[in-house]
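Protein chains in written order, with the UniProt record's numbering: chain A, 1 to 426; chain B, 1 to 426; chain C, 1 to 426; chain D, 1 to 426.
Backbone N, C-alpha and C fix where the C-beta goes; we use that ideal spot for every residue, glycine too.
To start, the structure itself, in structure tokens.
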């Protein structure tokens, strides 16, 4: 049986560059969501978006001012009706029902970019080729642009070959993966509850180009938490003794957070990624806020990190007579592999273009709240897995010169394409 | 000889409340400047403003984004022609020439407010009486609103009594006093070079209500300096070891700056009033900036503080493999009193309403870059002085509940009024 | 063929308690060494000790005052001739030559105790049974007392059965294992160069009682380093600004050292275990010294940790105008397993009393400079291995209530005993 | 009337050098006390010492081990009977009763030295002239050696001229002035309750040579306090997460203590002069102790400093899950001048050899618990004062090269001598 093959490597690369040029952070993916919605609806997919696929009770880490700014910036680029559909939340799920009996399988990618300023080095490929970020201070520095392009290409192929397939496909475009924010509200909307299989893929991750890893280990559990300190302002020249210095509390807490001890039973991570304190040069700073994340190889170790973090922050506030409050902003858990899915990935990889080596596992050492969606699928009786498609990188993830090998988009596409035919081929 | 007395205490209080409600920070005083310009021009003053009175080579600590925001907010409230005159700098000087021979005397006040969020406590008078700040995050919490009201009242009186006076009066409305930014560029414009006398007054300053201090001591020399750290971002989960953490460098520097030792020879101060670091929660922070001020009882002690600050900041950057640059943003010096001016203030205070006690001196323990203007006047052969009009305060300067006794505006007005007649009375 | 079995579990326990009561830290094991020397010489072993088995050029972390104190304390308990033999270094190697051809095999244990104050809780077994530490501030809190007892028991058995054995046995009692100090100078003396097999065992290590692990993984490479800061004293009241504060430099360094980032490629550790700074309450502290250790899963990761440590310490010194020098005090490397040795341990464990489970591996997550001796043996063509004999513990290693199950001494003895017969049995 | 003049400048200098060579810290002044006792008894003074002049309920900051060490070192140099008299406390008061009616006047000096290592620079006078400290780590680096020499010379003169004097003289040799420890227990013994006048003098204090200051201002109130942290030890490699790190708590506290804000109402000081933490390199540190002092221009400001210190230390302990306890170790208060005493000092200074200028006041900016004794005298109806005899210094007080001009001993002697004759001359 012959399938149409309308998706070229060039198409994937061009789409990825288009996405790359307009990076939007979590819960702000207005242009990104609209691009997907228009593409999928044109292809005949049933498209759900915004609060249709996001349970709003579980939204965390949504920043009003930032959202307003990106929504405003999107107004020139997006159909107002689509913008309205995204009020309340970004995020898209496209559903293709063949009408023929068969399993329901899902593929997951992420919409959001990072608050990283893209390199302007003339050797940096996006600069050289003219597709660098058009939004100062933000960049697709994690590969999500590539993941989206592959799923959009897959959508095109699926539409073109719909008549030769059975069952149902769901293409899931998750908002707010950075910060582990989108997974939980997507899961709690029930949108993945009917999946027999959920497949997730990621480019890069320090795996060499050509290698595909079919079941990474050491997905770190993580908690994202904001701390907000409140002190008392005073004139730094006349009455310095009256102030209660929130900037000092936050600085002290920062040093102590980064020094939470390693754990003898497994890996840990901690980061204070953002800190803003104070009102003006000659006023004792009365406010401070910080964005923190902790990670642990298991939930118990992650809890140890979180409890230590809270104790240190509270003590630091007490030192300086300040108050402090905390708010959990996101979370991810670890990954329990399904052998069948791992085997499917291995089969798929072996036939994928550019793949030269298939490995069972690696240490992931990071977090991806895809794990929340995968666990949800597993809890409902489905199976789920995570594949890493290696690539030489110009710089590591989240760095200003991050850039993967663009031809690897073909490799990831081939894997997904194989899985569709395996499950849904007539 | 009889003067007209058109200025009532009620007028001063009402004007002060109008000013209080629209607080603008340094170099952003668009509405404030326009209010003065219109008032003075209506009264027949010759008015210079913006770059006519500000030497732009000496402008420091002007923040583009903040200026743009306040300029935009002023567009509904200010004549566009006036706004144009303020492009490049805020600040106003009104000149009244009587046409009769006599000395040239100046009075100085400040236009700017502070980045302090005003209290919403119903007992806080601006809240109770409905004249609280209409600009979230900013507040006239130092008394500059009162100083302006007094000089505007004085302008009215001067205009009404112009025919009975000789010589020339300059009313100087300095921008950016907070941060010690406006004094130097005003001085370098030459606008005070022809003054025979420069009189400066301040309300509050922890002097009890009823007391007037005619020559405060211990004006602290100060340097305002910004430090900017640059590190390297990386993914906090996968490659934490690759990052060069600017947030940690800045936190470490903050603790060390606040711990610069006292000086055995005189008073010192130090404050890290503002700190912003990092790009996102899961990225090792690669940038940080902080706003710092040091003070010293003498220039030598202030230099000691500044040198210590630089050494500590540089060492902290080195600890974390970061680079750091510094930029001086403002400065003030100490105050050398003129006995004649002190005596004039004493005479004036004795006849002022509400004044119950005249004191020679006090420890000012703060900085006011009026000192830069005063030193300029003295260097050109004129005389200069600084008077503090005490007031009971609801909370100290720069605090969210700061509020002076409004009837003290009359007291300061009476002092200035007396000085005008003493020098320029026919 | 029948061997004599003169060593009872009771003998091992009694000997272990005798050792437990007199804990001596590294390079101070005078009583401990003498006890071994007398026991082995009485049994007919050839005994080398002190500088005969220690290459003095590689001695690190020997503290003169501490050594003098423990040598003085030993004078009442030890034959003066033996004390003389230990001048310059502690440490003992006993050699039993059967005179019959055969391999040379070695067993390693450690002589030193820790600067931990033993618990006086009446439920703590050494307290209850009356064999608690007699030296305030020091304790055998790592199991070295047990390791010594087993080798001394093995010596007795070897002597009694010498005529039924072939080849040569070396029993090695390493000084200064804590701090990874003794391994290198022992290795550099050449004393293990002729070994065909080197067997090392450790009790506890968080392995459950009954389980024996035949080839632990994740021995951390480690560097032990001292940092010494030098500043300038001054009177803290009159001239605080003149001092260069070494205590502040060291405190700042401590916080930054404990906050060296985790490494994405493998485990790390860091500890500032000791800090002493300052001369007196009212003097700006002009000296500080700290004892630090870093660890890494590989030599590259350990080097990363060490380089970060040096950079942070140097930057901290610069912040406060101090000088700093560093001295490496000890080191350990990772462990490359020999399959044959692992299999021998497994065979031996299966027949050992109390052993209920034999495991291939575990994460050791600590350091033991036995690895330096093992690598030396391997580099000369021999084989080496490390076995962990699990035990329920009352508290973790290095804690005040540390106590293993004493009957496990029999289990370790049985393993060693089996290995002797395997290699040297007639 | 003619007095005998048996005391030469050479005698004073020689005596001062003898004292300089044997520096003993607070509560350890065995040789120093004995030297005074023998000298005074030989001259016919009634001598009280140890617990006869020290109220033991008020002894603070006495360190047992240090005392034992210095007592042992004194055994070769001091008559055992005298050593016995000093059991329980050091300190001496010599009383000369003329038997003729007249006032009772006292002179105060201090016995103790500092934990400063004396410079070995060949240009340092004690090194060059061979009278440098014979006790490593300790030094008379504050001038107490000179003060003692002057009072011993005064004793000789008083004895020689006793028949020409009336009234009573008390020569008070205070132990433990450094750390502000000796003043309170001396005062509480009642030994100064009968004084009509108490005269205290100090050499140096940053006053130029030739100048004498008759009533210094800004004696800082001070509190000396020890903080002791208690955490939990654990193995830094295997179980770092189990430890509660007292070294980190203490380091964090140190940084925060040195950063207690300045006070708008007056001078402050703070110092962490000594810190010891941890047990060993590879153990999470479970203990830490620090010696701290705070000072304030008034008792209220000193209390502010002390309260801030306690809050910061407690918060730091909480951050790391540690406990902390504090113990006040010493205290001094401010100085209320008596005009009559000031005038007496001025008269006396004008006739003193080498004095070229008499000044009313200076900023002392330090603490001296002579203030506790002076306040006691004043509370009983007597008068008290403090004179500073300026000197060029080779290095500031408490520094390793501190050295005053030795001929200034004559100047201080002349002042005291004049005061004796003024009050008690026949």
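Original post:
So, is residue 328 of chain B buried or exposed, given that buried needs 16 or more other C-beta atoms within 10 angstroms?
Top reply: exposed
Subject >> Euclidean distance between Cα positions of residue 80 of chain C and residue 68 of chain C >> reply: 15 Å
Original post:
Of all the options A:323, A:37 and A:112, which has the alpha carbon lying nearest to the alpha carbon of residue 152 of chain A?
Top reply: A:37
Subject >> residue 75 of chain D versus residue 124 of chain D - alpha carbon distance >> reply: 30 Å
**OP:** Pull up the CB-CB distance for residue 259 of chain D and residue 259 of chain B, whole angstroms please, since I reckon it's below 8 Å.
**Re:** 4 Å
Original post:
Going by DSSP, what residues sit across from residue 221 of chain A in a beta bridge?
Top reply: A:296
Original post:
residue 277 of chain B CB to nearest chain A CB: under 7 Å?
Top reply: yes
**OP:** Find the nearest neighbour of residue 399 of chain C within the set C:23, C:88 and C:118, judged by alpha-carbon distance.
**Re:** C:118
Original post:
Pairing CB atoms from the region 265-275 of chain C with CB atoms from the region 263-272 of chain D, are three or more of them under 8 Å?
Top reply: no
Original post:
For chain G, is any of its Cβ atoms less than 7 Å away from the one on residue 269 of chain A?
Top reply: The chain inventory of the structure shown lacks chain G, comprising the protein chains A, B, C and D.
**OP:** Examine the Cβ distances between the region 18-26 of chain D and the region 136-145 of chain D and report whether three or more of them are shorter than 8 Å.
**Re:** yes
**OP:** List the endpoints of the continuous beta strand (DSSP E) containing residue 270 of chain D.
**Re:** 268-278
Original post:
Hey, out of B:393, B:326 and B:192, whose CA is closest to residue 382 of chain B's CA?
Top reply: B:192
**OP:** Using the Cα positions of residue 455 of chain A and residue 93 of chain A, report the straight-line distance between them to the nearest angstrom.
**Re:** Only positions 1 to 426 of chain A appear in this structure, which leaves residue 455 of chain A out of reach.
**OP:** Rounded to whole angstroms, what's the CA-CA distance from residue 404 of chain B to residue 182 of chain D? Just pull it up for me.
**Re:** 48 Å
**OP:** Spell out whether any CB of chain C is found under 7 Å from the CB atom of residue 293 of chain D.
**Re:** yes
Original post:
Using Cβ-Cβ distances below 9 Å, what residues of the region 351-382 of chain A are close to chain B?
Top reply: 364, 365, 366 and 367
Subject >> Option nearest residue 337 of chain A by Cα separation, candidates A:324, A:309, A:361 and A:326 >> reply: A:361
Original post:
Alpha carbon to alpha carbon, what distance is there between residue 207 of chain D and residue 129 of chain D?
Top reply: 25 Å
Subject >> Residues of the region 308-325 of chain A whose Cβ lies closer than 9 Å to any Cβ of chain D, in chain order >> reply: 308, 311, 312, 313, 314, 315, 316, 317, 318, 319, 320 and 321
Subject >> Which of helix, strand or coil DSSP assigns to residue 168 of chain A >> reply: strand
**OP:** Name, please, each residue of chain C whose Cβ falls closer than 7 Å to the Cβ of residue 264 of chain B.
**Re:** 238, 239, 240 and 241
Original post:
In angstroms, rounded to a whole number, what distance separates the CA positions of residue 4 of chain D and residue 214 of chain D?
Top reply: 27 Å
Subject >> Where the beta strand (DSSP E) containing residue 431 of chain C begins and where it ends >> reply: Nothing can be reported for residue 431 of chain C, as the shown portion of chain C is limited to 1 through 426.
**OP:** Output yes if chain D places a C-beta closer than 7 Å to the C-beta of residue 281 of chain C; else output no.
**Re:** yes
Original post:
How about residue 208 of chain C: is its C-beta nearer than 7 Å to some C-beta of chain D?
Top reply: no
**OP:** Would you mind telling me which residues of chain B sit closer than 7 Å to residue 259 of chain D, beta carbon to beta carbon, in chain order?
**Re:** 255, 258 and 259
**OP:** For residue 90 of chain D, count neighbouring C-beta atoms within 10 Å of its own C-beta (all shown protein chains included) and say buried if the count is 16 or more, exposed if not.
**Re:** buried
Original post:
Shortest alpha-carbon distance to residue 333 of chain A belongs to which of A:373, A:346 and A:342?
Top reply: A:373
Original post:
beta strand (DSSP E) containing residue 383 of chain A: first to last residue?
Top reply: 383-389
Subject >> Environment of residue 46 of chain C [buried if 16+ CB atoms lie within 10 Å] >> reply: exposed
Subject >> Three-state secondary structure assigned by DSSP to residue 140 of chain A >> reply: coil
**OP:** Whole angstroms is fine: what's the gap from residue 307 of chain A's alpha carbon to residue 320 of chain D's?
**Re:** 11 Å
Subject >> Limits of the beta strand (DSSP E) - the one that residue 105 of chain B falls within >> reply: 104-110
Original post:
Of the choices C:169, C:122, C:51 and C:246, whose alpha-carbon is the least far from that of residue 88 of chain C?
Top reply: C:51
Subject >> Buried versus exposed call for residue 33 of chain B [16 or more other C-beta atoms within 10 Å across all chains shown] >> reply: buried
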